[in-house]
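A.B. asks: The sequence shown: position 224 = 255 (the working numbering), numbered continuously. We put the CB at the ideal spot given by N, CA and C, even for glycine. In this text the structure is predicted, and so the values were computed from the model without any measurement. Can you read through this structure? Questions will come right after.
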Amino acid sequence: MLFRTSAIDDRVRKILVESLYAQPISLAIGAANGILTSAIAAYFAGNPTITLACALLSVIAFSRVLLALALPRMANRDTRLLERVYEFGAFSYSLLLGISAALTVYLDAPPHVQLLLVANTIGYATGIAARNAGRPMIAIGQLLLALIPLVICLATRREPALLALLLAVILLIPAMMTITMQVFRTLRSSILAAETSQRLAEKMQHLARTDVVTGLLNRAGLNHHLVERLMRLDPDQKMALFWLDLDRFKEVNDTLGHQVGDKLLAEVAKRLTALMPASATISRFGGDEFVVACEAVNRHEVEVFASTMLEHITRPMRIDDLRMDIATSIGIAILPDDGKDLETVMQGADLALYHAKVNGRNQASFFDPAMTRNLVRRKEIEAELRIALQRDELSIFFQPIVDLETGRIRAFEALVRWFHPEKGELRPDEFIPVAEETGAIITLGNWITAQAAKAAAQWPDDITIAVNLSPLQIRAPGAALGILTALRDAKLSPHRLELEITETVLLEHSENTEAFVAELAAAGVRFALDDFGTGYSSLGYLNKYPFSKIKVDRSFVSGANAGKKSDAIIRAVSGMGSTLGMEIVAEGLETVEQVEAVRAAGCTLGQGYYFSRAVPDYLAAMLIAQEREKFAPQRAVG
Ligand code: C2E
Ligand code: CA
Ligand code: CA
Numbered sequence: 032m033l034f035r036t037s038a039i040d041d042r043v044r045k046i047l048v049e050s051l052y053a054q055p056i057s058l059a060i061g062a063a064n065g066i067l068t069s070a071i072a073a074y075f076a077g078n079p080t081i082t083l084a085c086a087l088l089s090v091i092a093f094s095r096v097l098l099a100l101a102l103p104r105m106a107n108r109d110t111r112l113l114e115r116v117y118e119f120g121a122f123s124y125s126l127l128l129g130i131s132a133a134l135t136v137y138l139d140a141p142p143h144v145q146l147l148l149v150a151n152t153i154g155y156a157t158g159i160a161a162r163n164a165g166r167p168m169i170a171i172g173q174l175l176l177a178l179i180p181l182v183i184c185l186a187t188r189r190e191p192a193l194l195a196l197l198l199a200v201i202l203l204i205p206a207m208m209t210i211t212m213q214v215f216r217t218l219r220s221s222i223l224a225a226e227t228s229q230r231l232a233e234k235m236q237h238l239a240r241t242d243v244v245t246g247l248l249n250r251a252g253l254n255h256h257l258v259e260r261l262m263r264l265d266p267d268q269k270m271a272l273f274w275l276d277l278d279r280f281k282e283v284n285d286t287l288g289h290q291v292g293d294k295l296l297a298e299v300a301k302r303l304t305a306l307m308p309a310s311a312t313i314s315r316f317g318g319d320e321f322v323v324a325c326e327a328v329n330r331h332e333v334e335v336f337a338s339t340m341l342e343h344i345t346r347p348m349r350i351d352d353l354r355m356d357i358a359t360s361i362g363i364a365i366l367p368d369d370g371k372d373l374e375t376v377m378q379g380a381d382l383a384l385y386h387a388k389v390n391g392r393n394q395a396s397f398f399d400p401a402m403t404r405n406l407v408r409r410k411e412i413e414a415e416l417r418i419a420l421q422r423d424e425l426s427i428f429f430q431p432i433v434d435l436e437t438g439r440i441r442a443f444e445a446l447v448r449w450f451h452p453e454k455g456e457l458r459p460d461e462f463i464p465v466a467e468e469t470g471a472i473i474t475l476g477n478w479i480t481a482q483a484a485k486a487a488a489q490w491p492d493d494i495t496i497a498v499n500l501s502p503l504q505i506r507a508p509g510a511a512l513g514i515l516t517a518l519r520d521a522k523l524s525p526h527r528l529e530l531e532i533t534e535t536v537l538l539e540h541s542e543n544t545e546a547f548v549a550e551l552a553a554a555g556v557r558f559a560l561d562d563f564g565t566g567y568s569s570l571g572y573l574n575k576y577p578f579s580k581i582k583v584d585r586s587f588v589s590g591a592n593a594g595k596k597s598d599a600i601i602r603a604v605s606g607m608g609s610t611l612g613m614e615i616v617a618e619g620l621e622t623v624e625q626v627e628a629v630r631a632a633g634c635t636l637g638q639g640y641y642f643s644r645a646v647p648d649y650l651a652a653m654l655i656a657q658e659r660e661k662f663a664p665q666r667a668v669g
């Protein structure tokens, strides 16, 4: 039981074994003492047996010092080997020391020689029992091997003084064993405590660098890993940084709850981990963003990674028995091509991601230096938009929406224009998203509604005005009231206002949206579902909200996707529209063929350059006047 150290954890054992070799200097001093003592003893005893024992002792002492210096490096720190070698040296040295001392007594060497070796042996045995307490087996073994020859020899002598010495030596053995064990236990428990606290610290650090939801690295973990990776990166190797942002994740979170959202994130994490090489660093960067870093030979390999990620993430997933489709946008930057340091490459990937999102999501974009220029322009727009309203640089243009049956104008859509003194005309696609991001859209939107209402108040009663609303405008407190006030100020009847909203609006903050729509609908304001076909195109909204129109996105009419398939979709939507009493507007009509096609497919209204571009208010008024003139005689005749 005394020697049972197998319970010691390997690491603690290693530390303790290393402690045997910790001070080669003490070993060297001990060895020098051994050699000197035995040389003197051999010389003065003049006995061949004693000389032989002393010579052997010196050889072992000398070899142990050499081994202690060389081994810890040579043995590759193999604990077992170190321990065995030490054991062998220690045991044989102790035994020879004991035997030499016993021989001097047994063979009646001169008294001072006996005194020298016996004292030396006892001193050594007690000292070593304490010094090597880190490995008690060895310490106690040495104690016994050094003292037992002495005990045996003393026991054969009948002299009282030597018998007293025998008794002292015998008593010394258990006393030293107890001390050894005590020192060992203290040593072990303090090492164990240090080990435990170190492990705890490591665990805390691991936790601090891990994302709880996905088990991936978090932002702190990513930074730590990347810094280390970059230090090890070969100069001729590239590292690609993929910055992913899930498309419309917020909608999932808002409509289905955070638990479902978390499961979705975990599934995305699982897929990323499965498809990327084991050496890739994968992290959740917060929210619905992931950052993946991976070594790559060339750009082609990076492209392959990106398309694999897109493909695997868009594969439908099943969460809580719900089938879910999620897509992602990816921004990619490559080190060292796009930047020499981590920060620059991260910025590049972020910019590229922004680009991917603006370009219509569900795609990957590589960083391009032009993106930095675009960002600069964006920042300028952001700063200048604040003052554009005061400087009167913005105005509202109107694009007619025409009845495809009669060819008469039924409404105008208000489209904002910005005539910048230096940059020229800016497209709303460029500055509306900026206004949405900065919150300027609230002021801007109120101003647009007021202007549009004022213009419409001048038109005949049967012509309505359509105004686009951003999601943020609807969420703003008092949004409905603001619109009703604008109508009152312009003296425009609410039923002549139509608000165009996109599906995104309906997906976000449903309660607010419902209240907003309900309040305005009760006042007589009408609603149109804008850009139909670009988002989820869920028909569920059509029953839930009182839409009077569905505007089929222009990509179905004149875009690259226009064709047989989109024709079928328009037909289906028109069929449903007429059943539900909704009108279907085809956007982006540019040619007479397109007009014919959408009319044949069942659209009732059309809008596009074929009829007219968006024009300033006085031209809109002129269009109405011309049309009235054209139709007036017919009406008189009819
Ligand atoms: P939208 O609501 O889909 O507006 C229709 C866009 O299509 C307008 O672009 C219009 O000029 C363009 N368009 C009309 N006919 C044709 C055609 O035959 N061919 C082509 N290629 N395009 C045609 P615009 O004015 O640049 O507006 C772009 C988007 O900016 C709008 O898309 C709308 O989402 C947003 N927007 C414009 N004005 C406002 C506004 O006052 N408030 C808000 N919140 N958003 C606005
Ligand atoms: Ca619109
Ligand atoms: Ca539209």
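How would you label Ala667, buried or exposed, when you count the other beta carbons within 10 angstroms and need 16 or more for buried?
C.D. replies: Reliability fails at Ala667, whose pLDDT of 48 lies under 50, so the model's placement of it is uncertain and the value that follows must be treated cautiously. So Ala667 counts as exposed.
A.B. asks: How would you write the range of the beta strand (DSSP E) that Ile615 sits in, first residue to last?
C.D. replies: It spans 614 to 617 - the beta strand (DSSP E) in which Ile615 sits, taken as one unbroken run.
A.B. asks: Indicate the three-state DSSP secondary structure (helix, strand or coil) for Thr110 in the structure shown.
C.D. replies: Helix at Thr110.
A.B. asks: Can you give me the C-alpha to C-alpha distance between Ile179 and Thr241, rounded to a whole angstrom?
C.D. replies: About 59 Å.
A.B. asks: Can you check which of these residues, Leu457, Ala442, Arg95, is closest to Trp449 by C-alpha distance?
C.D. replies: Closest option to Trp449, Cα to Cα, is Leu457.
A.B. asks: Under 8 Å, do Ser360 and Lys388 count as touching if we go by C-beta distance?
C.D. replies: Cβ atoms of Ser360 and Lys388: closer than 8 Å.
A.B. asks: Which of helix, strand or coil does DSSP assign to Ala297?
C.D. replies: Three-state result, Ala297: helix.
A.B. asks: Under 7 Å: does the beta carbon of Tyr576 sit that close to some heavy atom of ligand 1?
C.D. replies: Checking every heavy atom of ligand 1 against the Cβ of Tyr576, none is found closer than 7 Å.
A.B. asks: How about Phe429 and Ala445: are their beta carbons less than 8 Å apart?
C.D. replies: A contact, by the Cβ cut-off of 8 Å.
A.B. asks: Round the Cβ separation of Ile365 and Lys485 to the nearest angstrom and send it over; I've been treating them as touching at under 8 Å.
C.D. replies: With a Cβ gap of about 53 Å, Ile365 and Lys485 do not count as contacting.
A.B. asks: Does the beta-carbon of Glu614, which I'm using as the reference point, lie nearer than 7 Å to any heavy atom of ligand 2?
C.D. replies: Incorrect: Glu614 has no Cβ contact closer than 7 Å to ligand 2.
A.B. asks: Measure the C-alpha to C-alpha separation of Glu49 and Ala164 and round it to an integer number of angstroms.
C.D. replies: Roughly 12 Å separates the two Cα atoms.
A.B. asks: Secondary structure at Trp490, three-state DSSP: helix, strand or coil?
C.D. replies: It is coil, neither helix nor strand.
A.B. asks: Taking C-alpha atoms, which residue in Leu100, Leu382, Glu411, Phe280 lies nearest to Met355?
C.D. replies: Of the candidates Leu100, Leu382, Glu411, Phe280, the one whose C-alpha sits nearest the C-alpha of Met355 is Phe280.
A.B. asks: Can you list, in chain order, the residues of its chain whose CB lies under 6 Å from that of Ile66, leaving out five sequence neighbours each side?
C.D. replies: Result list for Ile66: Ser89, Ala92, in chain order.
A.B. asks: Within 10 angstroms of its Cβ, does Phe119 collect 16 or more other Cβ (buried), or is it exposed?
C.D. replies: The residue in question, Phe119, is exposed, as its Cβ has fewer than 16 Cβ neighbours within 10 Å.
A.B. asks: Mark Ile159 as exposed unless 16 or more other C-beta atoms lie within 10 angstroms of its C-beta, in which case mark it buried.
C.D. replies: It is buried - the Cβ of Ile159 has at least 16 other Cβ atoms within 10 Å.
A.B. asks: Assuming Ala466 and Leu420 form a contact by the criterion Cβ under 8 Å, report the distance between their Cβ atoms to the nearest whole angstrom.
C.D. replies: Actually they are not in contact, since the Cβ atoms of Ala466 and Leu420 sit about 10 Å apart, beyond 8 Å.
A.B. asks: Hey, Leu518 and Leu530: beta-carbon distance below 8 Å or not?
C.D. replies: Result no, Cβ atoms of Leu518 and Leu530 do not sit closer than 8 Å.
A.B. asks: What do you get for Ala309, buried or exposed, if any count of 16 or more other CB atoms within 10 angstroms of its CB means buried?
C.D. replies: Burial call: exposed.
A.B. asks: Return yes when at least one heavy atom of ligand 3 lies under 7 Å from the C-beta of Asp352, else no.
C.D. replies: No, ligand 3 has no heavy atom inside 7 Å of this Cβ.
A.B. asks: Just to check my reading of the structure: Tyr674 and Leu537 have Cβ atoms closer than 8 Å, yes? What is that Cβ distance to the nearest angstrom?
C.D. replies: This structure cannot speak to residue 674, because the chain is shown only from 32 to 669.
A.B. asks: Ligand 3 and Lys582: does the residue's C-beta get closer than 7 Å to at least one heavy atom of that ligand?
C.D. replies: Under cutoff, so the answer is yes.
A.B. asks: Of the residues Ser524, Ile581, Phe563, which one's Cα is nearest the Cα of Ala553?
C.D. replies: The shortest C-alpha separation from Ala553 is found at Ser524.
A.B. asks: Span of the alpha helix (DSSP H) holding Asn151?
C.D. replies: Its alpha helix (DSSP H) spans residues 142 to 162.
A.B. asks: Could you check the C-alpha separation between Asp139 and Asn151 for me, to the nearest Å?
C.D. replies: Using only the alpha carbons, I get a separation of about 17 Å.
A.B. asks: Within 7 Å: the Cβ of Tyr572 and any heavy atom of ligand 4?
C.D. replies: Ligand 4 is not among the ligands present in this structure, which contains only ligand 1, ligand 2 and ligand 3.
A.B. asks: Once you ignore the five residues that flank Asn249 on each side, which residues in its own chain have a CB closer than 7 Å to its CB?
C.D. replies: Here the set comprises Arg240, Thr241, Asp242, Ser314, Arg315.
A.B. asks: Need the endpoints of the alpha helix (DSSP H) that Ala62 sits in, please.
C.D. replies: From DSSP, the alpha helix (DSSP H) with Ala62 extends over 55 to 76.
A.B. asks: With DSSP as the reference, label Glu456 as helix, strand or coil.
C.D. replies: Note: Glu456 maps to strand in three-state DSSP.
A.B. asks: Residues bridged to Met348 by DSSP?
C.D. replies: Looking at the DSSP assignment, Met348 forms a beta bridge with Met355.
A.B. asks: Would you give the residue range spanned by the alpha helix (DSSP H) that Ser228 belongs to?
C.D. replies: Looking at the DSSP string, the run of the alpha helix (DSSP H) that includes Ser228 is 191 to 239.
A.B. asks: Residues in the same chain with beta-carbon distance under 7 Å from Trp478, minus the five sequence neighbours each way, listed in chain order, please.
C.D. replies: Correct list, in chain order: Leu420.
A.B. asks: My guess is that His343 and Leu295 are in contact by the Cβ rule of under 8 Å, so how many angstroms apart are they, rounded?
C.D. replies: About 14 Å separates the two Cβ atoms, so there is no contact after all.
A.B. asks: Taking 7 Å as the line, does the beta carbon of Asp562 fall inside it for any heavy atom of ligand 3?
C.D. replies: At least one heavy atom of ligand 3 is nearer than 7 Å to the Cβ of Asp562, so yes.
A.B. asks: Excluding the five sequence neighbours on either side, which residues of its own chain have a C-beta within less than 8 Å of the C-beta of Met653, listed in chain order?
C.D. replies: Closer than 8 Å at Cβ, skipping near neighbours: no residue.
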